[in-house]
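Undergrad: Below: one structure in C-alpha cells.
Chains as they are written, first to last, in the working numbering: chain L, -16 to 371; chain U, 18 to 173.
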C-alpha cells in the first residue's frame, strides 16, 4: 500500500491562477467525449462520500437517449461534522457553476439545479445574484445551459440522490429503489448527473490543470485531494484540503490536541477509529472513505454520548419508509439506553449488533445501511463506556 | 380573497402550476406566515390541482415546513455532538430562561419559537444557531442573548 505524509493542497479555494470563467470558455470549445475521457482518466471519484467514478457517471448519462437530461449539484450537506460545501459555495461558487456547465455541455443537458439545504438559505441572495451573472455569460458565449437553485427544507435524507429528486418533484423525501440509477432515471425520471459540490469543483480544476496534475496527487486507489471538515477536540478546527491516502495517525498528529481518543471518520454515518488503530487506518477509498467529516474526540469525551447523539440523529432523520431503518434506529437507541441503565444485560449489545448488520443488508438506502458503521465501531472499541 | 389566498396565488404564478412547484410554494408560505395552516394547504392543493393529502404528506415530511403555529422568529440551536461539546446546553439554558419557554415552545407574545436542530454545518464554529434564515456561529451566552434582544426589539 502506497501512503504518503500529510500534504496540504490548494486547488479548491485557490483563486489567483484559476479563473473558472476562462476554464469554462476554453472547455466548451472541446468535444464532449474528450472532456469526459479526461475526467475518467483523472480517476476522480465522487466527493460526497459514496465515491462513484465521476467520469463514468457523465459517460453513462451522455449515452442515454432520453431527453431532457439534467445536471444536479447536491448541496444538501447534512452529514454531521461536514461544512466544506457551504464554504465552497460561499468562497468559490463560480468554480461550481463552471463544473455544472461543463457537465451539461458534455452530456447534452440544458438545465442544471443546485439543491441547497434549507439551513444554508442565508447564501441564497448572493448565490442567486452570481448565478444570474453566470447564466448571462453562458448565453453570451452561446452555451445553451441555465442554472437554478432549489431549496431544501431541513431533511438529511434529501442528500440521498433519489430522495433529492423526489423532493425537487414536490414529494416526501423518500429514496427510490435502485436500479434504475440516476444516470438512467433521475430528476423527473430523466437521465441525470448528480454530483457533490466539491466534485464539480474538481471537474473544473481537472479541465484547467489537466488530469495528469490531479492524478499526481493521492494514491492509486484514491486519486487527488479532498476537502476535510475538521471539528471536535482540535485547536485548529476548520476546512483543509489534503492529499488522499494518508494514515489517520498523520492526520491526528497534525490536528489532534495531543489527547486524541478516537476520530469519527465520515460523519455520523462513518466509522469510529480508536487511538490504537490510527496507525493502520488510511483515509481514502482503499481504507476508510469519507465525505470529509473528521470529528476528533479526546479522552474527556464519553463515547456513549457520541453514539447516543448519532443514534438520536438517525432516529429523527430516518424517512420512515422502510421498516429496517425506521424501527432499527429506534431499537438501537432504546437498546443502548437500556444497557446503560442496567435494564438489559451487556450481552444485549450482541443482539443489537446483529440488528445493525441486518439493517445494513435490508434497509432501502444508504441512511439505514450505514447506521451499522458508527454502531459497530463504537460498541466494539468502547464497549466498557457503553455499558458502565 | 384572504391574504393567504393572495400569497398562494402569487407564488403559484411565479413558480408555475405543476407538482414540481409544490416545495417552493410551501416554502414561500412558511416564509411569510411561519407555518402552513389547514387553509393554506387546502388552497395550495386547489391551486396546483393536487389532493390535499398529497400536500399535507409533503409538508409534514420536512422539519422546516411547520404545520403548527410558530412564533414570528424561529430560533434553531444545533444540538449535534460537536456543538454539544462546545457548550450548546448553556446556550439553550440561557435562552430558555430569557424567553421563559422550553425547547419546542413559543413565547406567549408569539415573538419566538425555540427549537433544536440537527447539524447546521458550522461544527468548526460551534455552538451555532439559526434565527429564521440568519446564522450566528461562535456563540457565547452573552452573544446569543444579544441576538435575541435585537430580534425582540425589531419584532412588532
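Glycine is no exception: its CB is placed at the ideal position from the N, C-alpha and C atoms.
In whole angstroms, give me the CA-to-CA distance for residue 148 of chain L and residue 99 of chain L.
TA: 13 Å
Undergrad: Under DSSP, the beta strand (DSSP E) around residue 277 of chain L begins and ends at which residues?
TA: Counting along the chain, residue 277 of chain L sits inside the beta strand (DSSP E) bounded by residues 276 to 281.
Undergrad: Is residue 142 of chain U buried or exposed, if buried means 16 or more other CB atoms sit within 10 Å of its CB?
TA: Counting of Cβ neighbours within 10 angstroms places residue 142 of chain U among the buried residues, the total reaching 16 or more.
Undergrad: Curious, which full-length beta strand (DSSP E) runs of at least 3 residues does the segment 210 to 265 of chain L contain?
TA: 221 to 226, 243 to 248, 254 to 257
Undergrad: Give a yes or no on whether the minimum CB-CB distance between residue 52 of chain U and chain L is below 8 Å.
TA: no
Undergrad: Give the DSSP-derived three-state secondary structure of residue 163 of chain L in the structure shown.
TA: coil
Undergrad: With C-beta atoms as the reference, is residue 162 of chain U less than 8 Å away from residue 146 of chain U?
TA: no
Undergrad: Please determine, among L/280, L/320, L/326, L/191, the residue with the shortest C-alpha to C-alpha distance to residue 243 of chain L.
TA: Measuring from the Cα of residue 243 of chain L, the nearest candidate turns out to be L/280.
Undergrad: By DSSP, does residue 33 of chain L sit in helix, in strand, or in coil?
TA: coil
Undergrad: When you check each C-beta in the segment 113 to 143 of chain U against every C-beta of chain L, which residues fall closer than 9 Å?
TA: 134, 135, 136, 137, 138, 139, 140, 141, 142, 143
Undergrad: Locate the alpha helix (DSSP H) running through residue 69 of chain U, then write down its first and last residues.
TA: 69 to 78
Undergrad: Distance check for residue 23 of chain L and residue 87 of chain L, CA to CA, integer angstroms please.
TA: 16 Å
Undergrad: Since residue 54 of chain L contacts residue -2 of chain L with CB under 8 Å, what's their CB separation in whole angstroms?
TA: So it is not a contact: roughly 23 Å between Cβ atoms.
Undergrad: Which ranges does the beta strand (DSSP E) cover as unbroken runs of at least 3 residues, wholly within the segment 272 to 350 of chain L, from first to last along the chain?
TA: 276 to 281
Undergrad: So residue 147 of chain U contacts chain L; which residues on that side make the cut at Cβ distance below 7 Å?
TA: 102
Undergrad: In whole angstroms, what separates the C-alpha of residue -13 of chain L from that of residue 228 of chain L?
TA: Its pLDDT being 49, under 50, residue -13 of chain L is placed unreliably by the model, and the measurement read from it follows with that caveat. Cα to Cα, the separation comes out at about 7 Å.
Undergrad: Rounded to whole angstroms, what is the Cα-Cα separation between residue 388 of chain L and residue 314 of chain L?
TA: In this structure chain L extends from -16 to 371, so residue 388 of chain L is not present and cannot be described.
Undergrad: Tell me the residue span of the beta strand (DSSP E) that contains residue 94 of chain L.
TA: 94 to 99
Undergrad: Please name the residues in the segment 29 to 40 of chain U whose beta-carbon is closer than 9 Å to at least one beta-carbon of chain L, in chain order.
TA: Taking 9 Å as the Cβ-Cβ cut-off against chain L, the residues of the segment 29 to 40 of chain U that qualify are 35, 36, 37, 38, 39, 40.
Undergrad: To which residues of the same chain is residue 369 of chain L closer than 8 Å at the C-beta, ignoring the five residues directly before and after it?
TA: 286, 287, 290, 319, 322, 323, 332, 361, 362
Undergrad: Return the first residue and the last residue of the alpha helix (DSSP H) that residue 102 of chain U is part of.
TA: 98 to 102
Undergrad: Mind listing the chain U neighbours of residue 63 of chain L? Cutoff is C-beta to C-beta under 8 Å, in chain order.
TA: 97, 98, 99, 135, 136, 140
Undergrad: Determine the contact status of residue 102 of chain L and residue 138 of chain U, defining contact as a CB-CB distance below 8 Å.
TA: yes
Undergrad: Would residue 286 of chain L pass as an interface residue toward chain B - the criterion being a Cβ-Cβ separation below 8 Å?
TA: Absent here is chain B; the protein component of the structure consists of chains L and U.
Undergrad: Could you give the distance in angstroms between the alpha-carbon of residue 38 of chain L and the alpha-carbon of residue 42 of chain U?
TA: 35 Å
Undergrad: Nearest by alpha-carbon distance to residue 251 of chain L: which of L/48, L/123, L/300, L/40 is it?
TA: L/300
Undergrad: Is it right to say residue 114 of chain U is buried, meaning 16 or more other beta carbons lie within 10 angstroms of its own, or is it exposed?
TA: exposed
Undergrad: Where do the ends of the alpha helix (DSSP H) carrying residue 158 of chain U lie?
TA: 158 to 171
Undergrad: Kindly list the residues whose CB is nearer than 8 Å to the CB of residue 169 of chain U, restricted to its own chain and excluding five residues on each side of it in sequence; keep chain order.
TA: Cβ within range, chain order: 128, 129.
Undergrad: I want to verify the contact list: residues of chain U whose CB lies under 9 Å from the CB of residue 213 of chain L, in sequence order.
TA: For the C-beta of residue 213 of chain L, the chain U residues within less than 9 Å are, from N- to C-terminus, 140, 141.
Undergrad: Where does residue -15 of chain L fall in DSSP's three states?
TA: Only weak support exists for where residue -15 of chain L lies, its pLDDT of 41 falling under 50; the value from the coordinates is given anyway. Here residue -15 of chain L sits in coil by DSSP.
Undergrad: Quick one: what's got a C-beta closer than 8 Å to residue 32 of chain U's C-beta in the same chain, skipping five residues either side?
TA: Excluding residues up to 5 positions away in sequence, 38, 41, 42, 45 lie with their Cβ nearer than 8 Å to the Cβ of residue 32 of chain U in the same chain.
Undergrad: Whole angstroms is fine: what's the gap from residue 126 of chain L's alpha carbon to residue 115 of chain L's?
TA: A straight-line Cα-Cα distance of about 14 Å links residue 126 of chain L and residue 115 of chain L.
Undergrad: According to DSSP, is residue 188 of chain L part of a helix, a strand, or is it coil?
TA: Helix at residue 188 of chain L.
Undergrad: For residue 350 of chain L, count neighbouring Cβ atoms within 10 angstroms of its own Cβ and tell me buried if that reaches 16, exposed if not.
TA: Residue burial annotation: residue 350 of chain L is buried, with at least 16 other C-beta atoms found within 10 angstroms of its C-beta.
Undergrad: Which bits of chain L does residue 152 of chain U rub up against, with CB to CB less than 7 Å?
TA: 105
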